[in-house]
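Same order as they appear, the protein sequences are chains D and C. With this note's numbering applied, the first sequence covers 1 to 119. With this note's numbering applied, the second sequence covers 1001 to 1220. Heads up, the beta-carbon is just placed ideally off N, CA and C, and yes, glycines get one too.
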Amino acid sequence: MLQKVLALIVVAFFLAKLLWQQRKRRLSWTEFFFWLIFWLLSAVAILMLDDIDKLVARLGFSGSGIEVLLYIGFALLLYFVFRLRLRLEKIDRQLTILVSSMAQQKPLESIQNNKIENK
Amino acid sequence: MKVVCVIPAWNEAKTIVNVVQEVKKYVDEVIVVDDGSEDETGRLARSAGATVLVHTINRGQGAALRTGTEYALNIGADIIVHFDADGQFAAQDIPKVISPVIQGEAEAVFGSRFLGERNNIPFLKKAIVLPLARLFNLVFLGVRVRDPQNGFRALSAQAARQLNWRQDKMAHCSEILWLARLAKINYQEVGVTVHYNNFGQRMSGGWKIISDLFLGRFLK
């Protein structure tokens, strides 16, 4: 019971921080709703941990509900890291297109070359 | 036939002048793509007689080659040669590499360290790194070549237009081979000389190539 209370305090702390950030306009609405849903679902999961245990056992998993939640969380984390890498890769490619087109528009001037030769 | 050589260069001030001067003897125009160098690479290449395109920030060898290749196509190149700036390749091999394209025997020619020429390939590279690269290219990309990581190649203008590689870093070598297979481009391998100044691509570089190719499959 104590563990549940502690976990709910942690969730409450992050929810309060989220609302504070939103009031200060530091988050976009999409970001705000994503984290709001995330923390609310976490609170629900904590409150329904016994039911999740039963559900997990009925589905045939040997671990407890909290373990299964942990595995799902880890898998989701890996997925988000992958999505992030894809996004970075895309930005990287767009940057290359820009750099390449700038390079092709204006080859290095021969005047710079003369400066070297005159040194 | 207008032969243009594209040389990507990043901080190659020590070798670029000599490389450009040697290569100039065998081609009509030399394009050096200064890939965000912090030294005098660009200016020295220009003073040696190359057309120099400058990447304001470093984007990688694959990106520099693409910039140079697109530019070469725009100035009417019939054959485009890819060559390294570090002095590892021998400019005297250029006529041999472009010959199959001139004769109409191939649309693309890839240099190989394992065909004919005697090269001082470091043992680890010869025995482990390159065989693994060869196996990867065969199993995952369906490309059967002896030297999949060789940057010395010649492309006809038509082949260069078809090979629209997107890998900015070192994975472009494998991607070009893969695209050539997909586009059913008629290609040949030709033996070239490689002088090893350093070890070059390591195992860690190999993993990076695999990871880049994997990620690239998820992007349009």
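Apart from the 5 residues on each side of it in sequence, C/ILE1016 sits with its Cβ closer than 6 angstroms to the Cβ of ALA1009, THR1041, LEU1044, ALA1045 and ALA1085 in its chain, given in chain order. D/LEU98 and C/ARG1144 have their C-alpha atoms some 34 angstroms from each other. Taking all protein chains in view, the Cβ of C/ALA1160 is crowded by 16 or more other Cβ atoms within 10 Å, so the residue is classified as buried. Beyond the five residues adjoining it in sequence on each side, C/TYR1071 comes within less than 7 angstroms, by CB distance, of ILE1031 and LEU1053 in the same chain, given in chain order.
Against D/MET102, the close residues of chain C are THR1056, in the order they occur along the chain (beta-carbon pairs closer than 7 angstroms). Sequence-distant partners of D/ILE66 (beyond 5 residues in either direction) whose C-beta falls short of 7 angstroms from its own C-beta, in its chain, are LEU49. Below the 8 angstroms Cβ cutoff, chain D contributes LEU86 as neighbours of C/PHE1218, in chain order.
Not a single CB atom of chain D sits nearer than 8 angstroms to the CB of C/ARG1161. Around the CB of D/LEU88, fewer than 16 other CB atoms lie within 10 Å, so the residue is classed as exposed.
Residues of the same chain with a CB within less than 6 angstroms of the CB of C/ARG1118, apart from the 5 flanking positions on each side, do not exist. Apart from sequence neighbours up to five positions away, the residues of its chain that approach D/LEU8 with a beta-carbon distance below 7 angstroms are ALA43 and ILE46, ordered along the chain.
Between C/LEU1213 and C/SER1156, the CB-CB gap reaches or exceeds 8 angstroms. When Cβ pairs closer than 8 angstroms are counted between the two stretches, the segment 1187-1198 of chain C is seen to touch the segment 1101-1110 of chain C, the count reaching three or more. Taking 8 angstroms as the CB threshold, D/VAL99 lines the interface with chain C.
If you draw a 10 Å sphere on the C-beta of D/LEU2, you find fewer than 16 other C-beta atoms in it, and that means exposed. For D/LEU2, the enclosing alpha helix (DSSP H) covers residues 2-23. When DSSP states are grouped into helix, strand and coil, D/LEU59 belongs to the coil group.
Look at C/GLY1191 here: in three-state DSSP terms it is strand.
Taking 9 angstroms as the cut-off between beta carbons, none of the residues of the segment 18-32 of chain D comes near chain C. D/VAL68 has no beta-bridge partner at all, per DSSP. For C/THR1056, the secondary structure class from DSSP, reduced to helix, strand or coil, is coil.
Of the candidates C/ARG1113, C/GLY1036, C/ASP1035 and C/CYS1005, the residue whose Cα lies closest to the Cα of C/GLU1022 is C/CYS1005.
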